[in-house]
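For the sequence shown, UniProt numbering assigns the number 1 to the initial residue and increments by one for each residue that follows.
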Amino acid sequence: MREIVHLQAGQCGNQIGSKFWEIISDEHGIDPTGHYHGDSDLQLERIDVYYTEVNGNKYVPRAVLVDLEPGTMDSVRQSPYGALFRPDNFVYAQSGAGNNWAKGHYTEGAELVDNVLDVIRKETESCDCLQGFQLAHSLGGGTGSGMGTLLISKIREEYPDRIMNTFSVVPSPKVRKLRAGVHAERDNDARKLDPFPIDRFSRERERFTGPMQCVSARRPVTLAMVEFTSPRKPVIYWRE
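Right under this line is the structure:
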């Protein structure tokens with residue numbers, strides 16, 4: 001099986017990533033405790049792409065969750081599928097990045113990145129045939145953008161022959177230019193989704209008040225991630 005290691009960085013990335021795991025767990029028949037309760041053998045055919053089987057009938061996501069402050073990690077743990085993740089795969093600091101790209105990339109993020117890489121190595125060592133990585137993050141803020149691009153660079157250095165696939169929520173045009181440069185140099189397949197048309201539509205309908213970029217983007221970005229996870233879907237051969 002060709003496994004994929006999933007990473008989610010920053011508040012936005014963890015919100016999107018958590019929803020992603022809820023959706024694909026439901027598709028694979030995995031309940032919030034990690035046990036299989038599906039109704040078709042097809043649900044288990046390529047489950048090893050994203051999950052590690054432990055203790056017989058229990059499945060654990062091959063996921064690494066990263067942030068520079070603990071609040072986001074607490075929210076993930078309290079989510080419906082929060083108990084699904086390995087406790088050791090929550091990697092976080094206490095200071096936060098304060099929406100500062102440089103802090104995420106050069107200072108606070110640089111201090112934490114080795115811990116993240118240690119967890120990534122443990123996940124890759126348990127793979128039979130690692131296909132690559134995927135990252136959910138935002139190009140705005142500090143952790144998802146600054147540390148996210150730092151992680152991409154470090155992973156490309158250590159695993160140059162593996163795929164690096166990213167799902168990125170992009171900020172306003174003025175902010176995205178600096179961050180997209182490092183991002184574009186290092187990933188094999190970058191899917192950037194702009195939340196602003198969705199956000200504007202939502203405001204016009206008076207559904208949201210306040211800055212809801214990631215909330216309004218979460219559904220389309222998550223659906224895009226699910227749609228492009230073809231390695232976990234069974235191949236159907238047609239015969240005449």
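Even for Gly, the Cβ is constructed at its ideal location relative to N, Cα and C.
Residues bridged to residue i by DSSP?
{"i": "residue 67", "result": "92"}
{"i": "residue 52", "result": "60"}
{"i": "residue 132", "result": "4, 163"}
{"i": "residue 35", "result": "58"}
{"i": "residue 9", "result": "66"}
{"i": "residue 23", "result": "BP columns for residue 23 are empty, so no partner."}
{"i": "residue 30", "result": "36"}
My guess is that residue i and residue j are in contact by the Cβ rule of under 8 Å, so how many angstroms apart are they, rounded?
{"i": "residue 10", "j": "residue 138", "result": "6 Å"}
{"i": "residue 133", "j": "residue 49", "result": "At roughly 12 Å, the Cβ-Cβ gap does not stay under 8 Å, so residue 133 and residue 49 are not in contact."}
{"i": "residue 12", "j": "residue 141", "result": "7 Å"}
{"i": "residue 127", "j": "residue 27", "result": "21 Å between Cβ atoms; not a contact."}
{"i": "residue 67", "j": "residue 143", "result": "6 Å"}
Compare the C-alpha of residue i against each of the options and name the closest.
{"i": "residue 92", "options": "98, 69, 103", "result": "69"}
{"i": "residue 19", "options": "54, 2, 63", "result": "63"}
{"i": "residue 152", "options": "141, 165, 140, 84", "result": "165"}
{"i": "residue 88", "options": "131, 36, 61", "result": "61"}
{"i": "residue 97", "options": "161, 8, 171, 147", "result": "147"}
{"i": "residue 258", "options": "128, 58, 115, 110", "result": "Shown here, the chain extends from 1 to 240; a query on residue 258 therefore has no answer."}
{"i": "residue 115", "options": "155, 38, 53", "result": "155"}
{"i": "residue 129", "options": "157, 140, 161", "result": "161"}
{"i": "residue 80", "options": "120, 25, 58", "result": "25"}
{"i": "residue 8", "options": "159, 163, 136", "result": "136"}
{"i": "residue 37", "options": "23, 57, 53", "result": "57"}
{"i": "residue 159", "options": "143, 117, 171", "result": "117"}
{"i": "residue 171", "options": "99, 53, 23", "result": "99"}
{"i": "residue 84", "options": "21, 120, 71", "result": "21"}
Kindly list the residues whose CB is nearer than 7 Å to the CB of residue i, restricted to its own chain and excluding five residues on each side of it in sequence; keep chain order.
{"i": "residue 90", "result": "65, 73"}
{"i": "residue 102", "result": "146"}
{"i": "residue 86", "result": "60"}
{"i": "residue 82", "result": "76"}
{"i": "residue 124", "result": "5, 130"}
Can you give me the Cβ contacts of residue i inside the same chain, cut-off strictly under 6 Å, excluding the 5 residues immediately before and after it?
{"i": "residue 205", "result": "Unreliable placement is indicated for residue 205, whose pLDDT of 41 sits below 50; the coordinate value is still reported in the next sentence. Nothing listed; no residue qualifies."}
{"i": "residue 210", "result": "Bear in mind that the predicted position of residue 210 carries a pLDDT of just 38, short of 50, making it too unreliable to give a figure here."}
{"i": "residue 122", "result": "none"}
{"i": "residue 55", "result": "none"}
{"i": "residue 239", "result": "Below a pLDDT of 50, predicted positions are generally treated as unreliable, and residue 239, at 45, falls in that range; the measurement from the model is reported next regardless. There are no such residues."}
{"i": "residue 235", "result": "Any answer about residue 235 is weak, because its pLDDT of 44 lies below 50 and its placement is not dependable; what the coordinates show is given next. Taken in chain order, the list of residues that qualify is empty."}
{"i": "residue 47", "result": "28"}
Below 8 Å CB to CB, which residues in the same chain sit around residue i once its five sequence neighbours on both sides are set aside?
{"i": "residue 51", "result": "28, 30, 59, 60, 61, 62"}
{"i": "residue 113", "result": "147, 150, 151, 154"}
{"i": "residue 119", "result": "64, 88, 89, 91"}
Answer yes or no: does any C-beta atom of chain B fall closer than 8 Å to that of residue i?
{"i": "residue 90", "result": "Checking the listed chains, one finds no chain B in this structure; it contains a single protein chain."}
Point to revise | Cβ contact (3+ pairs, closer than 8 Å) linking the region 32-47 and the region 157-171 | key: no
Review point. Taking three-plus beta-carbon pairs below 8 Å as touching, is the region 21-34 in contact with the region 90-109?
Key: no
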